[in-house]
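This report concerns only the one structure given below.
Here is the structure:
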């Protein structure tokens, strides 16, 4: 069974490479090559750590294996056919929204941290809005895409509550449902329009956001070690300055800002391979600013969903992705970086 899984993984990656070569997508090939190189490094490192029985060896191995599958599926989805890309991203929006609602227990009577059974109608509407959003993005109807969810759907949900003649728990339910479709249908749904301006733009945003998550782990660990060895000094106090200790006690301003700077520098490496837009090509200055914003917004997205999970008494949003948790645990930063990246590029170059 393990051999079959490995063979399938190799076939999927090989199919992506073949499609990129056929389409002469040199930039995307370069990025895929770098990603595969990093995954090979972490695969080898994980096995060495396992043999030496080092702490976190098992977690790193699980996370790396899951990364292999996520990269293989993601790349295959965005390089095969435009329709496949839209279906895949739409399914990702649906899965994240469904996972979000699953964190909110359903009860007959609205109580703290719960949704009422009467909310099912509104929840169903948010689900069926996803294929509509996918279709609108697919036909590139930008003017409707940008107002459908934050205007029409936002107004429709409270109207449904009125028709249901509700009073109990309406504010709480409206808040939970509105946040759900704004985050997972509208914000994350911007990745659909990124496909329209170029798959490489989507890959750029995804790569930098996920690189931020990876770097934050290692930078955070390094800073913690430095802080322990310099206890009581000004340096230690600077490194230990927490962003939101009740939400995530290990997240510090020093690590967050350094990672944002590193992502800004990494963003510069994309300038030469990014496609030409109607109003010109990526400039180094714009790329540096956008990279820094991705670094900061990715951190905030991570913290916002840590806040939600703590309120729900959950460590992870799910168990679908071994070593990572659930879908939301993997896309939480993207929910903040995707719409800003899209609108910054759209504003500057279209």
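Residue numbers (our numbering): 248 to 597.
Ideal Cβ positions, reconstructed from N, Cα and C, are used throughout, including at glycine.
This structure is a prediction, so every number in the text was calculated from the model and none was measured.
- In this structure, 580 is the residue among 327, 348 and 580 with its C-alpha nearest to the C-alpha of residue 540.
- Of the other Cβ atoms in all chains shown, fewer than 16 fall within 10 Å of the Cβ of residue 254; this residue is therefore exposed.
- Boundaries of the alpha helix (DSSP H) harbouring residue 269: 249-269, taken from the DSSP string.
- For residue 437, the enclosing alpha helix (DSSP H) begins and ends at 437-444.
- When the beta-carbon positions are compared, residue 564 and residue 344 stay at least 9 Å from each other.
- Here the C-alpha atom of residue 368 lies approximately 21 Å from the C-alpha atom of residue 339.
- Looking only at 467, 436 and 274, the smallest Cα-Cα distance to residue 520 is reached by 274.
- Sixteen is the threshold: when 16 or more other Cβ atoms of the shown chains lie within 10 Å of the Cβ of residue 346, as they do, the residue is buried.
- When secondary structure is reduced to three states using DSSP, residue 489 falls in the strand class.
- Excluding sequence positions up to five before and after residue 552, its CB lies within less than 7 Å of the CB of 575 and 579, all in the same chain and listed in chain order.
- Unbroken alpha helix (DSSP H) runs of no fewer than 4 residues, entirely contained in the segment 293-354, are found at 304-327 and 329-349, following chain order.
- Only buried fits residue 596, as 16 or more other CB atoms lie within 10 angstroms of its CB.
- Under DSSP, the beta-bridge partners assigned to residue 499 are 489.
- DSSP places residue 366 in no alpha helix (DSSP H); its state is neither H nor E.
- The continuous alpha helix (DSSP H) containing residue 409 extends over residues 401-410.
- Runs of the alpha helix (DSSP H) spanning 4 or more residues and lying entirely within the segment 502-532 do not occur at all.
- Cβ contact annotation for residue 401 (same chain, cutoff 7 Å, sequence separation greater than five): 425, in chain order.
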